[in-house]
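As they're listed, the protein sequences go chains A, B and C.
For the first sequence, our numbering begins at 1 and goes up steadily by one.
For the second sequence, our numbering begins at 1001 and goes up steadily by one.
For the third sequence, our numbering begins at 2001 and goes up steadily by one.
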Amino acid sequence: MPIIKKGEWVSDEWISVDDETDLPVEGDVLVSLTRYQENAAALTARAGKLGVRLEASEPPEAIADVVGSFDLITVDFPAFKDGRGYSYARLLRERFGYTGELRAVGNVLRDQLSLMWRCGFDAFHVNQSITPEVFAESIGELSIAYQPTGVTKDTVMNARHK
Amino acid sequence: MYRYDQFDHKLVTERVNQFRGQVSRRMSGEMTEDEFKPLRLMNGVYLQLHAYMLRVAVPYGTLSSVQMHKLADIATKYDKGYGHFTTRQNLQYNWPALEDLPKILDELAEVEMHAIQTSGNCIRNVTADQYAGAAADEIDDPRIWSEIIRQWSTFHPEFTFLPRKFKFAVTGCSNDRAAIRVHDIGIELVRGKDGDVAFDIHVGGGQGRTPMIAKLIGEAISREDLLAYLEATLRVYNMSGRRDHLYKSRIKILVHDIGAEEMKRLVEEEFALVKKQGVLQLPQEEVDRIRAYFAAPDFETLDAECPELDAAMASNKRFAAWVNTNTAQHKQAGYTIANISLKPIGGVAGDASDAQMHVVADVAEKYSFSEIRVTHEQNLVLAHVKKSDLLALWETLEANGMGTPNLGLITDQIVCPGLDYCALANARSIPIGQEITERFADLDRQHNIGELKLKISGCINACGHHHVGHIGILGVDKKGTEYYQVTLGGSADEITSVGKIVGRAFTEHEIVDAIETIVEVYLDLRESPDERFLDAYRRVGIAPFKEKLYADN
Amino acid sequence: MAQHSNKLAKIQAVTANRLLDGHVVYFTAEGQWSDWVDDVVLADGKEEADALLAKALPSVETRHIVDPYLFEVDQEDGKMVPKSVREKIRMAGPTIRLDLGKQAAVRS
């Protein structure tokens, strides 16, 4: 499964570590929220970048004050119909000021990409059929928006009342 | 009425192209049915018993004559010459082919119409009081605020995959003609402390399997805070609403489970944070821009009295009956609000043929500033008709099967499509409704019975609003056979109540007699002809009805 | 997948809706889809029914139809008659518009 970030395929340098496995000495690690909460100090002190995985049932309030510790936050979509992650993304970006990579993982489909993008996701764990061209097409299908969300600052309302 | 500017046009056009791409990916096999289904639903396309169904949005039930002509033309060209007006003030086509849908949407876009968010787990078409801008009792025009909510909710990226569908209704006055208390969010326009328009936000109403009456969560929310408050409410629901069970995922269940107080606390906490960010403040200039589209038409200065109308009523009994039941008081002297009944005796509630749609478009152009409203009770309204034009209007309607003087009477029913069309239904609704209208066809008898709201659903999803019918009928399936359960005492107005089940269900052959028995019991026990069915029921309770209905058991 | 047949059903057949226009179709002995219920191939008992449904499933892949399922059928005077009201209505058309649906069409 490739990752599309800022519209391009990128390779995933992150080491996803489950809760039972020892941390590697080197490299950028991605851990669960539980593991982060249990070992925050050690994880933050470690060389290499730190990322955290949020499950759909883990609202981001838990990391509201420490978003600066992370270079990657992944938000899981267990099913494309489960839209909690859209709210999580907006909170992380717009309320908690997170500026690192925000990656949608799980059931991430072509026709959801633009919604995720507009909520603040900038990276997507997708299947092979979603090439950068398909991605660009999907994101571009609706070129304007009524609501100020995530990356959308130029809303229809702003354009009307310039 | 509202007209699209370049931005609205662009979005709708882009949406049609997006959907055209989705249909083509489905037909080419790039997408499976499981993947396509939620996408087609998001654009109002269902697969029903006999064919696809397309639900076209009629935002807050307001249509122009040009739009109505287009709806008729589409019915002729792509469907089977008719459409069905729904309780969500929308229009449904019952027979479109999948491959024609992008073309239909192109044609709709030409007249500023679409099928956006008419299904799916998103914010659906906003409904409103059909007398908006005409009613003598309104604080402000609900269409202005409905349009603002329409734009805010259209392609809202955060709220496209909610736990379940989400319905708004807006009323401009305390007399509720929009059934706001049985919606996910019902908004009543009120006067705020400063005298400006403000908003009471009722949350967590709904029908379906578990009927609930909405709770007042936000009181007198100000204009600039309206969208922030709604966004906060939706976010609380999106993050906390249940997703584990289809029947437990509406916001009404969340409000019920945590309690109205806790819901209010969560919403207010979130609202304070959304408000702090400030980006969702609704500026006065945008309200003014939209308000301008809903400015009152150029009314003539007329006398309140209209002797020619009085004379016509005196000489034509049926016309007089129509004026008495089907018109309502207008705020402007010499004008009236005219209701067009889509409930002819023996007809299909809410259906209109292409020819009838053209007639309505024409009379609207001639007599009511080219504007039409769709009501949640599946009728149409011409909101601004001169009293002196009423006779000519009615004669045209009557000649085209739309002059039935039965608004609010027992033959003016809400009826869902039921098992004749719907893939979810358990029993037929339409033929039961038809038989009841035939049984009570006599106009004097109907008028003697007075206001009686009868509502029929073909399954527990309650699209026919049976829970809030003065008399409600619910179709159920028992081993492949249709049965009908009766509820009494429901109401969807400002004193909303959920009907009580009267007893065991009736067969298809018993149900019409049962309804007649209920009506006879009411006529016997009412204290005066002014005591409506609902008032009498509230006074005496269910017992006398039960007793008579099941006397033989 | 929709299931409109009861567990003790004996004689069953397979129906679906055509992808392109959504119209009701029935699975035939030749493995084709017909507009007419009289063309259905019958399955006797659960085993045959499951096998029949399995045989119909590839038509979903080929995008001919959507949502195939089993329904119960009786034969009366050589005519196929679905047992449930629902399937009777699908077979014919809306009961309140006899001018529409298959009931209004003439088989060529």
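Cβ coordinates follow ideal geometry from the N, Cα and C atoms, glycine included.
Since the structure is predicted, the reported quantities are computational estimates derived from the model, not experimental observations.
DSSP has residue i in a bridge; who is on the other side?
i, result
"Pro2082/C", "Val2073/C"
"Phe1166/B", "Ile1123/B"
"Thr1396/B", "Beta-bridge pairing links Thr1396/B to no other residue."
"Leu970/B", "As shown, chain B starts at 1001 and ends at 1553. That puts residue 970/B outside it, with no answer to give."
"Lys5/A", "Glu8/A and Ala123/A"
"Leu1382/B", "Ala1338/B"
"Tyr1052/B", "Leu1047/B"
"Arg2018/C", "Ile2065/C"
What is the residue span of the beta strand (DSSP E) that residue i lies within?
i, result
"Asp1034/B", "That residue, Asp1034/B, is in no beta strand (DSSP E); its alpha helix (DSSP H) goes Glu1033 to Leu1041."
"Ser1249/B", "From DSSP, Ser1249/B is part of no beta strand (DSSP E); its letter is neither H nor E."
"Asp1351/B", "Asp1351 to Ser1353"
"Arg53/A", "Leu50 to Leu54"
Specify the secondary structure class of residue i as computed by DSSP and reduced to three states.
i, result
"Thr1437/B", "helix"
"Tyr1229/B", "helix"
"Phe2027/C", "strand"
"Arg1191/B", "strand"
"Asp2044/C", "strand"
"Arg2107/C", "coil"
"His1202/B", "strand"
"Asp1420/B", "helix"
"Thr1325/B", "helix"
"Arg1088/B", "coil"
"Ile1449/B", "helix"
"Ser11/A", "coil"
"Thr1154/B", "coil"
"Ile1337/B", "strand"
"Asp28/A", "coil"
"Pro1297/B", "coil"
"Trp1145/B", "helix"
"Ala2002/C", "With a pLDDT of 44 at Ala2002/C, under the threshold of 50, the modelled position of this residue cannot be trusted; read the value that follows with caution. Coil at Ala2002/C, not helix or strand."
"Gln1006/B", "helix"
Cα separation between residue i and residue j?
i, j, result
"Ala1543/B", "Asp1200/B", "36 angstroms"
"Arg1124/B", "Ala2104/C", "35 angstroms"
"Ile1372/B", "Arg1538/B", "35 angstroms"
"Thr2095/C", "Val2041/C", "26 angstroms"
"Ser2084/C", "Ala1352/B", "30 angstroms"
"His1069/B", "Val1360/B", "9 angstroms"
"Arg1235/B", "Asp2074/C", "52 angstroms"
"Trp1394/B", "Glu1531/B", "29 angstroms"
"Trp9/A", "Leu102/A", "15 angstroms"
"Tyr1522/B", "Ile1460/B", "26 angstroms"
"Val1502/B", "Ala1399/B", "40 angstroms"
"Ala2002/C", "Lys1037/B", "Here Ala2002/C scores only 44 on pLDDT, less than 50, and its place in the model should not be relied on; the value that follows carries that caveat. Cα-Cα distance, rounded: 14 angstroms."
"Arg1223/B", "Val29/A", "47 angstroms"
"Arg2018/C", "Ile1116/B", "24 angstroms"
"Ala1072/B", "His1358/B", "6 angstroms"
"Val1066/B", "Leu1108/B", "11 angstroms"
"Leu1063/B", "Val52/A", "51 angstroms"
"Asp2021/C", "Leu1049/B", "12 angstroms"
"Leu1380/B", "Asp1493/B", "19 angstroms"
"Gln1378/B", "Gly1408/B", "11 angstroms"
"Gln1022/B", "Arg110/A", "10 angstroms"
"Leu1091/B", "Lys1343/B", "16 angstroms"
"Phe1161/B", "Asn1238/B", "8 angstroms"
"Asn1326/B", "Glu1308/B", "18 angstroms"
"Glu1286/B", "Val1486/B", "47 angstroms"
"Glu1147/B", "Thr1127/B", "10 angstroms"
Does the beta carbon of residue i fall short of 6 angstroms from some heavy atom of the ligand SAH?
i, result
"Ile1430/B", "You won't find the ligand SAH in this model; it holds no ligand whatsoever."
If you follow the alpha helix (DSSP H) that residue i is part of, which residue opens it and which one closes it?
i, result
"Arg1289/B", "Gln1284 to Tyr1293"
"Ser129/A", "It is not in any alpha helix (DSSP H) - Ser129/A carries neither H nor E in the DSSP assignment."
"Met1313/B", "Pro1307 to Ser1315"
"Gln37/A", "Leu33 to Glu38"
"Phe1545/B", "Ala1543 to Leu1549"
"His1465/B", "Neither: His1465/B is in no alpha helix (DSSP H) and is coded neither H nor E."
"Ala1514/B", "Ile1511 to Leu1525"
"Ala1304/B", "Counting along the chain, Ala1304/B falls outside any alpha helix (DSSP H), and DSSP gives it neither H nor E."
Quiz item: Enumerated in chain order, which unbroken segments of the alpha helix (DSSP H) with a length of 4 residues or greater are wholly contained in the stretch 1472–1503 of chain B?
Solution: none
Quiz prompt | 3 or more residues per run - each beta strand (DSSP E) lying fully within the stretch 57–117 of chain A | solution = 72–77 and 101–106
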